[in-house]
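One structure is given below, encoded as structure tokens.
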Amino acid sequence: NWTMERFLEDKISEIQETVRDNRAILGLSGGVDSSVAAVLVHRAIGDRLTNIFVDHGLLRLSEALEVPEVFRDKLGLNLDVVHAKERFLRKLKGVTDPEEKRKIIGEEFIRVFEKEAKRVGGEFLVQGTIYSDVIESAASGKETAKIKSHHNVGGLPEKMNLKIIEPLRNLFKDEVRKLGELLGIPYEILYRHPFPGPGLGIRIIGEITEEKLQILKEADSIFIQVLKEKGWYERTWQAFAVLLSSKSVGVVGDERAYDYVIALRAVNSVEGMTADWSKIPHEILDEVSRRICNSVKGAGRVVYDITSKPPATIEWE
Ligand code: XMP
190 NWTMERFLED KISEIQETVR DNRAILGLSG GVDSSVAAVL VHRAIGDRLT NIFVDHGLLR
250 LSEALEVPEV FRDKLGLNLD VVHAKERFLR KLKGVTDPEE KRKIIGEEFI RVFEKEAKRV
310 GGEFLVQGTI YSDVIESAAS GKETAKIKSH HNVGGLPEKM NLKIIEPLRN LFKDEVRKLG
370 ELLGIPYEIL YRHPFPGPGL GIRIIGEITE EKLQILKEAD SIFIQVLKEK GWYERTWQAF
430 AVLLSSKSVG VVGDERAYDY VIALRAVNSV EGMTADWSKI PHEILDEVSR RICNSVKGAG
490 RVVYDITSKP PATIEWE
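Take the position in the sequence shown, starting the count at 1, then add 189; the result is the number in UniProt numbering.
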């Protein structure tokens, strides 16, 4: 009979037989799927798996530090961090169209990753594809009108001439999490809200600048922190802050201020296809708003998004 322990043992042998004494590379985002795939393959072939973590500068506050801390220092993975913020921001300068941003981020990611793959060498590319991705990509072939180009920046083209290993292909999300627990991956990684590949790039409406990134990171971190403190993080499927392109007038002391507007978004959903806005208690929203306005320089007003999907999408761009 099928158990997760058996599955793990069988997968490890299978990966060892496939890779033999060759090498593999994996793009680690810190999301659930790539994390579990990375630790699983590391169990099988150790340091012959090189994990590449691309910091494109569009990550949440502290994320660029946390990922190496957890995966390299705690879990012992062979992890290389690529600091590519400058490069991404340069390409994104002046770009305001959401699809254009997605395209640039996706393409740039592939370029960075390809270069790393060449440097590392090896025959195999590990991907954290799970069962729902397999279903989705089979279905999207028939799709006529696409709302958003949902390329996950973890997805890489075949032209890299690497053989693909997808050890999680047959697992549902909850099974991937169970496997992750068995592999000793911290709870905070396994039960984290989903985060889009283009990251904060699509949560800053309009042009992305360093200043806006800093404001958004701080506001987002406060929102998530308060939700965690109040026991609401687990009660929302996804929650985040968005930085709007318009500024708004306010008063700070007895001076007129003209600062950015932060929109808070929190939804309940099963797979992100439809979503209801979360009925977070007003007291909690009040606290988030106060903390953001008091401590985030450049943020002057906070609004809460009360639109479900449909008609709105979860992300603003
Ligand atoms: P929407 O905004 O389409 O989002 O209702 C549904 C889910 O998908 C995520 N999302 C993305 N994920 N690349 C990704 O990897 C993208 O370009 C992208 N756009 C949206 C979104 O965060 C939500 O979980």
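C-beta: ideal position from N, C-alpha, C; glycine also. On a predicted model such as this, the values are computed, not experimentally measured, just so you know.
Near the ligand XMP: residue i beta-carbon under 8 Å from a heavy atom
| i | result |
| --- | --- |
| Phe384 | yes |
| Lys498 | yes |
| Gly461 | yes |
| Arg445 | no |
| Gln427 | yes |
| Ala464 | yes |
| Thr502 | yes |
| Pro356 | no |
| Ile391 | yes |
| Arg308 | no |
| Arg232 | no |
Between the CA atoms of residue j and residue i - distance to the nearest angstrom
| i | j | result |
| --- | --- | --- |
| Lys304 | Val438 | 46 Å |
| Val208 | Leu247 | 33 Å |
| Ile354 | Leu238 | 12 Å |
| Ser458 | Ala226 | 25 Å |
| Glu203 | Leu266 | 20 Å |
| Lys269 | Ile214 | Strictly speaking, residue 269 in this sequence is Asp, with Lys absent from that position. One C-alpha to the other measures close to 10 Å. |
| Arg480 | Pro470 | 16 Å |
| Val301 | Arg291 | 15 Å |
| Gly311 | Pro385 | 28 Å |
| Leu197 | Gly219 | 21 Å |
| Gln205 | Pro257 | 25 Å |
| Phe242 | Glu252 | 11 Å |
| Val450 | Val415 | 19 Å |
Burial state of residue i (16 or more Cβ within 10 Å)
| i | result |
| --- | --- |
| Ala430 | buried |
| Val440 | exposed |
| Pro387 | buried |
| Thr333 | Bear in mind that the predicted position of Thr333 carries a pLDDT of just 40, short of 50, making it unreliable; the figure below should be weighed with that in mind. With fewer than 16 Cβ atoms within 10 Å of its Cβ, Thr333 is classed as exposed. |
| Ile495 | exposed |
| Pro500 | exposed |
| Arg195 | exposed |
| Asn359 | exposed |
| Ala488 | buried |
| Val342 | With a pLDDT of 46 at Val342, under the threshold of 50, the predicted position of this residue should be treated as unreliable, though the coordinate-derived value follows. Classification of Val342: buried, given that the 10 Å Cβ count is 16 or more. |
Unbroken beta strand (DSSP E) runs of length 3 or more, entirely within the region 390–447: which are they?
Taken in chain order, the whole beta strand (DSSP E) runs of length 3 or more contained in the region 390–447 are 427–441.
Going residue by residue through the region 355–386, where are the continuous alpha helix (DSSP H) segments of at least 4 residues, counting only ones entirely within it?
List check, alpha helix (DSSP H) in window: 362–371, 376–379.
Please give the ranges of any alpha helix (DSSP H) in the region 212–244, keeping only runs that are unbroken, at least 4 residues long and fully inside the region.
Whole alpha helix (DSSP H) segments, 4+ residues: 221–234.
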